[in-house]
Each structure stands twice: as C-alpha cells, then as structure tokens.
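2 protein chains.
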Amino acid sequence: MVGMPEPAPLDPEQLAAYFAVMEVGSLLQHAVEQQLRDEGGLSYIQFQILAVVGESAEGRQRMTDVADRLVHSRSGLTYQVAQLAERGLVAKESSPEDERSVIVALTPQGRELLERVMAGHVEVVRGLFFTPLNDEDVTALGDVLGRVRDHMRTVPPRSAAPRRRRGN
Amino acid sequence: MVGMPEPAPLDPEQLAAYFAVMEVGSLLQHAVEQQLRDEGGLSYIQFQILAVVGESAEGRQRMTDVADRLVHSRSGLTYQVAQLAERGLVAKESSPEDERSVIVALTPQGRELLERVMAGHVEVVRGLFFTPLNDEDVTALGDVLGRVRDHMRTVPPRSAAPRRRRGN
DNA sequence: GTCTTGTGCTTCGAATTCGAAGCAGGTGTA
DNA sequence: TACACCTGCTTCGAATTCGAAGCACAAGAC
C-alpha cells in the first residue's frame, strides 16, 4: 500500500456523483427521521427494523437476518429491538429449531404503528426525493445504484469478512 | 394531514431507487470510515471537517460555514472540532471581524494528515463505488442526484427553517 | 462421547450524537 | 443611550453508537 504510484484523484464528475450520493442519503435520512419521530416516536433504525420484520409474510424474522438487511452493528440491533419490545411493538421469541436464535415478531400494535407511520414516510420521500425526478431518472437511479449496492455487498471490506452469511 | 386520501404507495421502481440510495450511502460511509480510522484515526465527520476547511484557499473557515456544508448538528461540530484541535490538526481562532465567530484553521499537521489519508480514501471510493460504473452512469448519477440535493436543500423540512444562511 | 470450532446474541465501557438551554457579541430602532 | 431581538457557538444531559469480550448452543472431527 505504501509507496504506490499516486492514485489519480477523482475527476470532477466523479466527485460530484460521490458527494451527491452521500449528501442525499444524509439529508433524506434526517428528513425521514423527523417525520418518524413526530408521528410515531420512532428512530430511522427502529422504523427499518419494523419494516424488515413486517415485510416477511409471518411478521417474524431472526435477529441475524434483520441485521443482514440493515447497515448497523449487531449490538446496536440488540439495543433497539429491546427498545421496541419495551414499547410492545415487537416480541422476542426463541426459535424452536435453534435455541440460540432470537425471533423478532411484530405485535399487532407494531403492525398498526408501522402502517400508520408509513403513509407520512412515503409522503416525505416522495416530496423530497421524487419530486424533481421523472420516470426515466428513477429507473436509471435504481439500475445504477442497484449495481453499486450489489458490488459493495459482494466485495468484502478489504479485511475482516462480515460474519459470512450471504448464502440465503 | 389527517383524513386525507390514502397516499399512493411508492411503486417498485421507486422503492428500489430509494432503498438503493440509502443503502449505498450507508455502506460507502462505513467502508470509508474504516479506512479513515485505520490510516488516520479519523471519523468520517472529522475527515469531512478537514476536507471542507482544507478546500478553502486559506485553509480557514467559520464554524457556521463548515456546519452548513455538512449534515451534522452544531453541537456535534463543536465537539469534533475540539477533538481535532486537541490532536493539533486544526486551530480555533477568533475572527477579527465578528467577535462571536470561531475560525477553524487547518494546521500544517492537519493538512499533512488530510493529504496522506486522501489517497486511501479515493482508492476505497473508486474501488467500491466507481468500479461497476461507466462514465455515462457517473454523469447521470451526478446530474440526477445533484438535482435531488438542490431540491432538498431548497425545500425547508416542513417546519423549522435551518437557521437561515443560504444566501451566500 | 468429547473436543474444537463456529454461530447467535448480549453485556460492557468509551465515544459520539442530538436538541434545548445558555452566554456573549452584534444589529436595529427609538 | 436603552431596548429588543438576532446570531454564533458552547454546555448540558440523555440516548445511542460501536467493537471487544463473554455466554450459550450447535455442528463437525475424531
């Protein structure tokens, strides 16, 4: 790594794209966070947890599987699931198959809150993110960024594999 | 707000684009964060602060102006600038024009570290983000997301203006 | 069986985050 | 000058973050 030839700096177009992704992500998260806080007392991660769990047909997911869908530490997930459980939005159950696993299950209150909050969430995203875009833009974005995401999820972070589990 | 007609949910293409932006932003930040930590003992925000200050010709910026470039709370900025100052990477000076202002100035060590770390930073971003993209993709991304960013920076977050200061 | 290793989750401490409240300097108006 | 109101930044406390270390169960080798 040391003594390598100067890596060419990113050209202006690349910089613009890179900064734009980071900035849009941050800004959108902050905006969404405020709406979720106001309308449901949820942080973004709590919302994401509810959403991921609610997505599965049964409304039940293993902690690890939730973690793999989110960009978050496992200990942080433990903490947040505990918060959600305290509010009665999810229940922690143990798996019959694997005594180590913890299943996160959406309670009726959890599903109710998720649905109630989702409307405002969609509104915010639509208003901030999609307003200045047409259908082509949206398609292009999904395509290009989807490719980037797949690439990032594939290439391990140049050391320390993330506890292998990609093989669904 | 209450009793409005059901807002149409986002269609699959929109969802894909929205999720991709959020996920790519998070993943990229985590990857970059690790490189910065390893090679310079910097968090992403600390790096951003150094970068923003270093960008100005003089290597000097007011706290507020730095804050406006970043998506971060002002108190958090105070904290992080203090951390950087403690390591001798920046110096806090008072402005002769406005006694209230604090000027953040890059020290030689700060500039040196910034330059040293930048190489790896660029490598990570290039490897993770740009590898799966061609020039057209990059241009499209910058264009589309740039529009979104401008829109978001314009539209105030449906209450509580961010301490007006956009009029440079 | 039992040993070794792997996996799932939690606990711990230290660091960082935010917004609300506070302080001090500026600006406008009379 | 006196007063009210901005503006720039910091301080405060509570909540949240992470990785390292720990605990318990699982799975394979022998």
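The listed protein sequences correspond, in order, to chains A and B.
Numbering follows our numbering, with no gaps: position 86 of the first sequence is 1252.
Numbering follows our numbering, with no gaps: position 24 of the second sequence is 1190.
Glycine included, every Cβ here is placed at the ideal spot set by N, Cα and C.
These figures come from a predicted structure and were not determined experimentally.
For residue i and residue j, I'd like the C-alpha separation in whole angstroms.
i: LEU1294/A; j: GLY1191/A; result: 11 Å
i: LEU1272/A; j: VAL1270/B; result: 48 Å
i: GLY1276/A; j: GLU1265/B; result: 51 Å
i: ALA1183/B; j: LEU1250/A; result: 28 Å
i: LEU1311/B; j: ASP1303/B; result: 12 Å
i: PRO1298/A; j: ALA1306/A; result: 14 Å
i: GLU1205/B; j: LEU1255/A; result: 42 Å
i: GLY1308/A; j: VAL1198/A; result: 20 Å
i: PRO1262/B; j: VAL1268/B; result: 10 Å
i: ALA1233/B; j: LEU1208/A; result: 26 Å
i: ALA1326/A; j: ARG1203/B; result: Its pLDDT being 37, under 50, ALA1326/A is placed unreliably by the model, and the measurement read from it follows with that caveat. Rounded to whole angstroms, ALA1326/A to ARG1203/B spans 14 Å at the Cα level.
i: LEU1176/A; j: THR1320/A; result: 23 Å
i: SER1279/B; j: GLN1214/B; result: Inspection of the sequence shows that residue 1279/B is occupied by Leu rather than by Ser. Straight-line Cα distance between these residues: approximately 13 Å.
i: GLY1286/A; j: GLU1281/B; result: 43 Å
i: GLU1221/B; j: ARG1292/B; result: 20 Å
i: ARG1332/B; j: ARG1313/B; result: With a pLDDT of 31 at ARG1332/B, under the threshold of 50, the predicted position of this residue should be treated as unreliable, though the coordinate-derived value follows. Approximately 17 Å between the Cα atoms of the pair.
i: GLY1225/A; j: LYS1258/A; result: 12 Å
i: ARG1329/B; j: SER1260/B; result: Reliability fails at ARG1329/B, whose pLDDT of 37 lies under 50, so the model's placement of it is uncertain and the value that follows must be treated cautiously. About 21 Å.
i: ASN1334/B; j: SER1239/B; result: Confidence at ASN1334/B is low in this model, with a pLDDT of 28, below 50, so the placement of that residue is unreliable and no value is reported for it.
i: PRO1274/B; j: ALA1174/B; result: 55 Å
i: SER1241/B; j: ALA1223/A; result: 43 Å
i: TYR1130/B; j: ALA1248/B; result: Given a span of 1167 to 1334 for chain B in the structure shown, any question on residue 1130/B remains unanswerable.
i: ASP1231/A; j: MET1284/A; result: 22 Å
i: PRO1178/A; j: ASP1301/B; result: 12 Å
i: VAL1288/A; j: VAL1288/B; result: 34 Å
i: ARG1235/B; j: ARG1235/A; result: 30 Å
Look up residue i in the DSSP assignment and give the residues it is bridged to.
i: VAL1268/A; result: SER1260/A
i: GLN1227/B; result: VAL1270/B
What residues of chain B sit near residue i, judged by a beta carbon separation below 7 Å?
i: ASP1303/A; result: VAL1310
List, in chain order, every chain A residue whose beta-carbon is nearer than 8 Å to that of residue i.
i: GLU1179/B; result: ASP1301, VAL1304, THR1305 and GLY1308
i: VAL1247/B; result: Within 8 Å Cβ-Cβ: nothing; VAL1247/B doesn't reach chain A, min ~19 Å.
Since residue i meets chain A, which of its residues come closer than 9 Å, beta carbon to beta carbon?
i: PHE1295/B; result: GLN1180, ALA1183, TYR1184, VAL1187, VAL1314, HIS1317 and MET1318
i: VAL1256/B; result: In chain order: nothing, as chain A lies at least about 21 Å away.
Show which residues of chain A have a CB atom less than 7 Å away from the CB atom of residue i.
i: VAL1321/B; result: LEU1294
i: VAL1218/B; result: Those do not exist, as VAL1218/B stays about 11 Å from chain A at its closest Cβ, beyond 7 Å.
Taking the CB atoms as reference points, tell me whether residue i and residue j lie closer together than 8 Å.
i: GLN1195/A; j: GLN1246/A; result: no
i: GLN1227/A; j: VAL1218/A; result: yes
i: LEU1193/A; j: MET1318/B; result: yes
i: VAL1290/B; j: GLN1180/B; result: no
i: ALA1186/B; j: ARG1315/A; result: yes
i: MET1380/B; j: LEU1243/B; result: No information on residue 1380/B is available, as it lies outside the stretch 1167 to 1334 that chain B covers here.
List the residues of chain B whose Cβ lies closer than 8 Å to the Cβ of residue i, in chain order.
i: VAL1232/A; result: In chain order: nothing, as chain B lies at least about 14 Å away.
i: LEU1243/A; result: Neighbours of LEU1243/A on chain B: none; closest Cβ ~14 Å, over 8 Å.
i: VAL1237/A; result: GLU1189, SER1192, LEU1193 and HIS1196
Going along the chain, which residues of the segment 1188-1199 of chain B sit with their C-beta nearer than 8 Å to a C-beta in chain A?
Cβ contacts with chain A come from MET1188, GLU1189, VAL1190, GLY1191, SER1192, LEU1193, LEU1194, GLN1195, HIS1196 and ALA1197.
Pull out every residue of the segment 1263-1282 of chain A whose Cβ sits closer than 7 Å to any Cβ of chain B, in chain order.
Residues: none.
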